[in-house]
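Asks: Residue numbers (our numbering), protein chains in the order written: chain A, 97 to 267; chain B, 3 to 252. C-beta atoms are modelled at their ideal positions from N, C-alpha and C, and glycine is treated no differently.
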């Protein structure tokens, strides 16, 4: 969450709770609600690294709140973030290792593994459909996030199908 | 069985082999399938797995080489083509990938025709048609010809036509197969809505997103059922699941 917080601060100073609200508004229900404690911890780390600076602001009847702003180093880190493309999503995952190794162990059947995994993906797909239906129609960013997740799952399901086709032929 | 109603659809030992050029294709190889009132079942699998053939058998569009099909407990083995045609108007609605609308009839006539053939008065047919088209967001398109509509709109007309006689069973064969992603979402939303009102649906699709609208998913491989899973949305409660796939990594 480090870089997203820096990005939110690029527009101007804000305190921790404001940042949490900004994130929620931007990403909608699609994004697991960030825990405010986690945000404060991350802000503390960013400050230690010199990427942001906090200033205590006095409040009359409540404890001081800390308002953060981006430093020049922070702005540079942000630029570098936008500059670099991201890694591809993982392909070799734990499931793949199970599938590859199952026949050598005699402890699990490949087709049963595929079926179990497919059920899990389908259930998640169903949850994503429901989430998409519940999300505010106008929140495009949230919908794109959900759609991205669904397309990844779709690809995983297609791949499971390929595995099943290949492995059933061998049987 | 006495205190619960007979399943809407009950198939046992279905077999269908296509004999064409080359080796015979075993499209359906011994399928048992029971669909209860109000269920929404999706059949998924790679192309060529035989899932469309299975759906055609269930709708009487093709006849099985072996096995039996019961609709609401009634055996269909002895049904003639004409009888199946009648039942497809009353008991079974079907939507296809390429809509199969009658191209020289207006939208309104496409929807009203099966109602009239099933014995509705013209007034009843019109009322049903108006209600369904309104509900499917096609109000104002009554006079259009199918060719003037987008794919998504044509599929909605096909859905209205399939449902105009309130069939207990709706069969859908790749209903989003020739639609873009917006059209796909639309079909998904509409199937879910009719299902929520109690419509029994059997959907054949290779699209996992569409399949996830169902509450039961059958994986079909090489003419057989490889898995039959109830979806109960437990993805979220497990490790990973929905928050896992949406999480932004630190």
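(1) Quickly, what does DSSP pair residue 20(B) with across the bridge? List them, please.
(2) By the criterion of Cβ-Cβ separation under 7 Å, what are the contact partners of residue 260(A) in chain B?
(3) In chain A, which residues lie less than 7 Å from residue 214(B) when you measure between Cβ atoms?
(4) Could you name the residues of the same chain whose beta carbon sits closer than 6 Å to that of residue 212(B), not counting the 5 residues immediately before and after it, in chain order?
(5) Who are the neighbours of residue 250(A) on chain B, taking C-beta pairs under 7 Å?
(6) Are the CB atoms of residue 238(A) and residue 150(A) nearer to each other than 9 Å?
(7) Chain A beta carbons: is any one of them nearer than 9 Å to that of residue 194(B)?
(8) How would you call residue 252(A), buried or exposed, if buried means at least 16 neighbouring beta carbons within 10 angstroms?
(9) Do residue 194(B) and residue 218(A) have their C-beta atoms closer together than 9 Å?
(10) Establish whether the CB of residue 254(A) and some CB of chain B are separated by less than 9 Å.
(11) Nearest chain B C-beta to residue 280(A) closer than 9 Å, yes or no?
(12) Examine chain B for any beta-carbon lying closer than 9 Å to the beta-carbon of residue 215(A), and answer yes or no.
(13) Any Cβ of chain A within less than 9 Å of the Cβ of residue 175(B)?
(14) Could you check if residue 79(B) is buried or exposed, using at least 16 other CB atoms within 10 Å of its CB as the buried criterion?
(15) At what residues does the beta strand (DSSP E) containing residue 166(A) begin and finish?
(16) If we ignore side chains and look at the alpha-carbon of each, how far apart do residue 251(B) and residue 34(B) end up?
(17) Only counting runs of 3 or more residues, tell me where the beta strand (DSSP E) segments fall wholly within the region 60-131 of chain B, in order along the chain.
(18) What residues from chain B crowd round residue 264(A), counting only those whose CB sits closer than 7 Å?
(19) Which of helix, strand or coil does DSSP assign to residue 202(B)?
(20) Within the chosen definition, does the region 60-71 of chain B reach the region 218-237 of chain B through at least 3 CB pairs nearer than 8 Å?
(21) Quick check on DSSP: helix, strand or coil for residue 238(B)?
(22) Once the 5 residues before and after residue 260(A) are set aside, which same chain residues still bring their CB inside 7 Å of it?
(23) Count the other CB atoms, across all protein chains shown, that sit within 10 Å of the CB of residue 155(B); report buried if there are 16 or more and exposed otherwise.
(24) Closest Cβ-Cβ distance between residue 206(B) and chain A: below 9 Å?
(25) What do you reckon, are the CB atoms on residue 218(B) and residue 30(B) nearer than 9 Å?
(26) Tell me the DSSP bridge mates of residue 149(A)?
(27) Cβ of residue 193(A) less than 9 Å from any chain B Cβ?
(28) If residue 206(B) and residue 174(B) are in contact, beta carbons under 8 Å, what's the gap, nearest whole angstrom?
(29) Excluding sequence positions up to five away, which residues of its chain have a Cβ less than 8 Å from the Cβ of residue 222(B)?
(30) Between which two residues does the beta strand (DSSP E) carrying residue 319(B) extend?
(31) The alpha helix (DSSP H) with residue 158(B) in it runs from where to where?
(32) Applying a beta-carbon distance threshold of less than 8 Å, which residues of chain A neighbour residue 234(B)?
(33) Helix, strand or coil: how does DSSP classify residue 168(B) here?
(34) Quick check on this structure: which residue in 156(A), 167(A), 159(A) and 128(A) has the alpha carbon closest to the alpha carbon of residue 144(A)?
(35) Is there at least one Cβ from chain A nearer than 9 Å to residue 328(B)'s Cβ?
(36) Output, in chain order, the set of chain B residues within a Cβ distance shorter than 9 Å of residue 211(A).
Replies: Quick look at the numbers:
(1) Reading the second chain from its first residue, position 18 is the one you call residue 20(B). Answer by DSSP bridge pairing, in chain order: 27(B).
(2) In the first chain, counting from the first residue as 1, residue 260(A) sits at position 164. Those are 223 and 228, listed as they occur along chain B.
(3) Here the question's residue 214(B) lines up with position 212 in the second chain. Chain A residues near residue 214(B): 218, 221, 222 and 225.
(4) Taking the first residue of the second chain as 1, we reach residue 212(B) at position 210. Answer for residue 212(B): 178 and 190, listed in chain order.
(5) Here residue 250(A) refers to the residue found at position 154 when the first chain is read from its first residue. Here the neighbours are 210 and 211.
(6) As a working mapping, residue 238(A) is identified with position 142 in the first chain. As a working mapping, residue 150(A) is identified with position 54 in the first chain. Their beta carbons are not under 9 Å apart, which means residue 238(A) does not touch residue 150(A) by this criterion.
(7) For the purposes of this step, residue 194(B) is taken as residue 192 along the second chain, with counting starting at 1. Closer than 9 Å: yes.
(8) As a position in the first chain, residue 252(A) is number 156, starting the count at 1. Residue 252(A) is buried by the Cβ-count criterion.
(9) Position 192 of the second chain, counted from the first residue, corresponds to residue 194(B). Position 122 of the first chain, counted from the first residue, corresponds to residue 218(A). Against a cut-off of 9 Å, the Cβ pair of residue 218(A) and residue 194(B) comes out as no contact.
(10) Taking the first chain and counting its residues from 1, the one referred to as residue 254(A) is at position 158. Yes, its Cβ sits closer than 9 Å to a Cβ of chain B.
(11) Absent from the model: residue 280(A). The displayed extent of chain A is 97 to 267, so no value can be given.
(12) Along the first chain, read from residue 1 onward, the residue named residue 215(A) stands at position 119. Residue 215(A) counts as touching chain B.
(13) On the second chain, residue 175(B) is found 173 positions in, with the first residue counted as 1. Taking Cβ atoms only, chain A never reaches closer than 9 Å to residue 175(B), which makes this a no.
(14) Reading the second chain from its first residue, position 77 is the one you call residue 79(B). That one is exposed.
(15) By 1-based counting over the first chain, the position of residue 166(A) is 70. Residue 166(A) -> beta strand (DSSP E) spans 161-166.
(16) For the purposes of this step, residue 251(B) is identified with residue 249 of the second chain, where counting begins at 1. For the purposes of this step, residue 34(B) is identified with residue 32 of the second chain, where counting begins at 1. Here the model assigns residue 251(B) a pLDDT of 47, short of 50, so the residue's position is not dependable and the matter cannot be decided.
(17) 68-73 and 94-97
(18) Here residue 264(A) refers to the residue found at position 168 of the first chain. Those are 223 and 224, listed as they occur along chain B.
(19) Along the second chain, read from residue 1 onward, the residue named residue 202(B) stands at position 200. The answer is strand: DSSP assigns residue 202(B) an E or B state.
(20) no
(21) By 1-based counting over the second chain, the position of residue 238(B) is 236. Here the model assigns residue 238(B) a pLDDT of 49, short of 50, so the residue's position is not dependable, and the following value carries that caveat. Helix, per DSSP.
(22) The count along the first chain starts at 1 and reaches residue 260(A) at position 164. Answer for residue 260(A): 207 and 210, listed in chain order.
(23) Within the second chain, the letter at position 153 stands for residue 155(B). It counts as buried.
(24) Here residue 206(B) refers to the residue found at position 204 of the second chain. Judged by the 9 Å Cβ criterion, residue 206(B) is not in contact with chain A.
(25) For the purposes of this step, residue 218(B) is taken as residue 216 along the second chain, with counting starting at 1. For the purposes of this step, residue 30(B) is taken as residue 28 along the second chain, with counting starting at 1. Going by C-beta atoms, residue 218(B) is not nearer than 9 Å to residue 30(B).
(26) In the first chain, counting from the first residue as 1, residue 149(A) sits at position 53. Partner(s): 165(A).
(27) As a working mapping, residue 193(A) is identified with position 97 in the first chain. It does not; no Cβ of chain B falls within 9 Å.
(28) The residue labelled residue 206(B) in the question sits at position 204 within the second chain. The residue labelled residue 174(B) in the question sits at position 172 within the second chain. Between residue 174(B) and residue 206(B) the Cβ distance is about 7 Å, and since that is below 8 Å, they are a contact.
(29) Sequence index remark: in the second chain, residue 222(B) carries index 220 (1-based). Cβ within range, chain order: 45, 46, 47, 51, 52, 53, 56 and 228.
(30) In this structure chain B extends from 3 to 252, so residue 319(B) is not present and cannot be described.
(31) Here residue 158(B) refers to the residue found at position 156 when the second chain is read from its first residue. It spans 153-165 - the alpha helix (DSSP H) in which residue 158(B) sits, taken as one unbroken run.
(32) For the purposes of this step, residue 234(B) is taken as residue 232 along the second chain, with counting starting at 1. Within chain A, the residues near residue 234(B) are 219.
(33) Within the second chain, the letter at position 166 stands for residue 168(B). DSSP places residue 168(B) in coil when its eight states are reduced to three.
(34) Position 48 of the first chain, counted from the first residue, corresponds to residue 144(A). Taking only the C-alpha atoms, the option nearest residue 144(A) is 167(A).
(35) The structure shown does not extend to residue 328(B), since chain B is modelled only from 3 through 252, so no value can be given for it.
(36) Working through the first chain from its first residue, we reach residue 211(A) at position 115. By Cβ distance, chain B contributes 221, 228, 229 and 231.
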